[in-house]
Amino acid sequence: TDSYDYGRYHPINEIYDFQDMLVAENPNMVSKIVIGQSYEGRPLNVLKFSTGGTNRPAIWIDTGIHSREWVTQASGQWFAKKIVTDYGRDPTLTAILNKMDIFLEIVTNPDGYYYTHNNNRMWRKTRKPNPGSNCVGVDPNRNWDAGFGGPGASGRPCSETYHGPRANSESEVKSIVDFVKSHGNFKAFISIHSYSQMLLYPYGYTRTPVKDQAELHSLAKKAITDLASLYGTRYRYGSIISTIYQASGGTIDWTYNQGIKYSYTFELRDTGRYGFILPPSQIIPTAQETWLALMAIMDHTYKNPY
Amino acid sequence: KETFEGHQVLRIVPKDDVQLSLIKDLEDMIEFELDFWRGVTDAVTPVDIRVPFHSLQTVKIYLETQGIEYSTMIEDLQTMLDDEQEEMESAARVTQPRN
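The listed protein sequences correspond, in order, to chains A and B.
Per my numbering, the first sequence starts with residue 1, numbered consecutively.
Per my numbering, the second sequence starts with residue 1001, numbered consecutively.
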């Protein structure tokens, strides 16, 4: 994986090969867990980074839940390599990994990602057909059991924000739900989207502030300050509902309600020249700056056990 | 493979809540087949909308008659996607032998 080209977009088979290569190169740290299958039968691969112990407190990072947001899956591959490269070199990451595990799902919506490469670059949702409709797919970030079906999602199968027939109807979502519940010891959950440069914490489905709002807000400020230190990329931050709009059935609302205090959503670059079609030349700078924010969140999680 | 010749992405900056709701109304006009890349949030935050070629004129007239300012963020989406595809293929050619 040293010669893998992190500065370009890869089709799904190359990402799967990359994951297997990384596991083969790092048998003492990296393992691959298949937490389920997508609707079309693709494996939902999660890379586990662990230096020992059993069921250690853990940090979850996922990318690509909205398949067209290619810079997120590309950044996820860079993060994976960064973890194995920096362990033993970076004292902060080494301390974290000596006490916690990191789980990274790079292609969280594989059917959608395959579809963006082969059929429709603009595809965002899952690819499961909706009975009674010509329109396919559910927005996997409206399908979680947190305010499900409320304002901030659509009941129309043709809408890009269709919440689906019921919570967890999508196997891509249900598989994470089941894994998080069975693991039972996640302390941070970070779901990465693009674009518009924001760092968001719960809630999206209600205006009720989370009980940890003050801590999440100040940690978000620290994280985006670290992010901006590299290339000056400016982020906004705050709760989903106050920073962008009401969104129901969202990932991190559910994870926060599961007791995972440090629940965040990133919206990576860009601010408005390319949207989702971010040039590959910006992949590595985007991943590098995002990593600084991720490290701030992971370090805080490690130093504030609960 | 779906192509997007003539599709444009418009960046709309609503001035006030009235304009916000007028843009929100666009969301319900499903015949336009609009794709909200950045949804409606609050006045002053940009809204980015991919507009298919067949709806472009109608949507622009709608915005202009309502006095809603917009700019064109992407002139022709397919041109951008062709560039992206070309970059992917040429990069793959370069890295293939090395692998």
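Where a beta carbon is used, it is the ideal one built from N, C-alpha and C, also for glycine.
Everything numeric in this text was worked out from a predicted model, so none of it was measured.
What does a CB cutoff of less than 8 Å around residue i pick up in its chain, not counting 5 residues either side in sequence?
i	result
B/Thr-1072	Gln-1008, Val-1009, Leu-1010, Arg-1011
A/His-163	Val-138, Asp-139, Arg-142, Asn-143, Phe-148, Gly-149, Ala-153, Ser-154, Gly-155, Ser-248, Gly-249
B/Met-1080	Ile-1074
A/Val-23	Val-30, Ser-31, Lys-32, Leu-47
Excluding the 5 residues preceding and the 5 following residue i in the sequence, name in chain order all residues of the same chain whose CB lies nearer than 6 Å to its CB.
i	result
A/Glu-289	Leu-227, Leu-230, Tyr-231, Thr-233
A/Asn-13	none
A/Ala-167	Asp-145, Phe-148
A/Pro-57	Met-100, Asn-185, Lys-187
A/Ile-102	Phe-49, Ile-59
A/Ala-287	Ser-75, Trp-78
A/Trp-70	Tyr-9
B/Leu-1063	Tyr-1070
Compute the beta-carbon to beta-carbon distance between residue i and residue j, rounded to the nearest angstrom, for a pair I have assumed lies under 8 Å.
i	j	result
A/Pro-27	A/Val-34	Actually they do not touch by this definition, with Cβ atoms about 17 Å apart.
B/Glu-1005	B/Asp-1076	7 Å
A/Gly-36	A/Ser-175	3 Å
B/Pro-1014	B/Ile-1061	Incorrect: roughly 18 Å between the Cβ atoms, too far for contact.
A/Ile-224	A/Tyr-262	Wrong, their Cβ atoms sit about 15 Å apart, outside the cutoff.
A/Pro-280	A/Tyr-9	6 Å
A/Thr-92	A/Met-295	6 Å
B/Glu-1027	B/Pro-1052	B/Glu-1027 to B/Pro-1052, Cβ: 15 Å. No contact.
Check whether the Cβ of residue i lies closer than 8 Å to any Cβ atom in chain B.
i	result
A/His-300	no
A/Cys-135	no
A/Ser-248	no
A/Phe-186	no
A/Tyr-118	Looking at the sequence provided, one finds Asn at residue 118 of chain A rather than Tyr. For A/Asn-118, the answer is yes, since a Cβ of chain B falls inside 8 Å of its Cβ.
A/Pro-140	no
A/Pro-280	yes
A/Met-21	no
A/Arg-273	yes
A/Ser-175	no
Out of the options, which one is the CA nearest neighbour of residue i?
i	options	result
A/Phe-179	A/Trp-123, A/Lys-303, A/Ser-154, A/Gln-258	A/Gln-258
A/Tyr-6	A/Gln-37, A/Trp-78, A/Thr-51	A/Trp-78
A/His-300	A/Arg-8, A/Asn-45, A/Ile-96	A/Ile-96
A/Val-107	A/Met-100, A/Gly-88, A/Ala-80, A/Lys-187	A/Ala-80
A/Gly-52	A/Thr-161, A/Thr-286, A/Thr-92, A/Asn-98	A/Asn-98
A/Leu-104	A/Asp-2, A/Gln-197, A/Tyr-195, A/Ser-191	A/Ser-191
A/Ser-38	A/Tyr-115, A/Leu-22, A/Glu-25	A/Tyr-115
B/Gln-1036	B/Asp-1048, B/Asp-1042, B/Ala-1092, B/Pro-1052	A small fix is needed here, since residue 1036 of chain B is Phe in this sequence, not Gln. The option with the nearest alpha carbon to B/Phe-1036 is B/Asp-1048.
B/Ile-1023	B/Met-1088, B/Thr-1003, B/Pro-1046, B/Glu-1002	B/Pro-1046
A/Pro-151	A/Gln-246, A/Glu-25, A/Val-30	A/Gln-246
A/Thr-181	A/Thr-243, A/Ile-260, A/Thr-126	The amino acid at residue 181 of chain A is misidentified as Thr; the sequence shows Lys. The candidate whose alpha carbon is nearest that of A/Lys-181 is A/Ile-260.
A/Ala-214	A/Met-198, A/Tyr-237, A/Thr-126, A/Glu-267	A/Tyr-237
A/Glu-170	A/Asn-109, A/Tyr-302, A/Asp-2, A/His-217	A/Asn-109
Could you name the residues of the same chain whose beta carbon sits closer than 7 Å to that of residue i, not counting the 5 residues immediately before and after it, in chain order?
i	result
A/Pro-157	Asn-130, Ser-133, Cys-135
Can you check whether the CB of residue j is closer than 8 Å to the CB of residue i?
i	j	result
A/Asp-139	A/Arg-121	no
A/Ile-15	A/Thr-251	no
A/His-183	A/Asn-45	no
A/Tyr-195	A/Gly-275	yes
A/Leu-200	A/Thr-265	yes
A/Thr-85	A/Thr-72	no
B/Leu-989	B/Val-1040	The first residue shown for chain B is 1001 and the last is 1099, placing residue 989 of chain B beyond what the model contains.
A/Ser-239	A/Tyr-203	yes
A/Asn-118	B/Glu-1002	no
Beta-carbon of residue i versus every beta-carbon of chain A: anything under 8 Å?
i	result
B/Gln-1019	no
B/Leu-1056	no
B/Leu-1026	no
B/Arg-1098	Bear in mind that the predicted position of B/Arg-1098 carries a pLDDT of just 46, short of 50, making it unreliable; the figure below should be weighed with that in mind. So yes, B/Arg-1098 belongs to the interface.
B/Phe-1036	yes
B/Asp-1082	no
B/Glu-1087	yes
B/Met-1029	no
B/Pro-1052	no
B/Asp-1048	yes
Compare the C-beta of residue i with all C-beta atoms of chain D and state if any pair is closer than 8 Å.
i	result
B/Leu-1022	Looking at the structure shown, chain D is missing, and the protein chains on hand are A and B.
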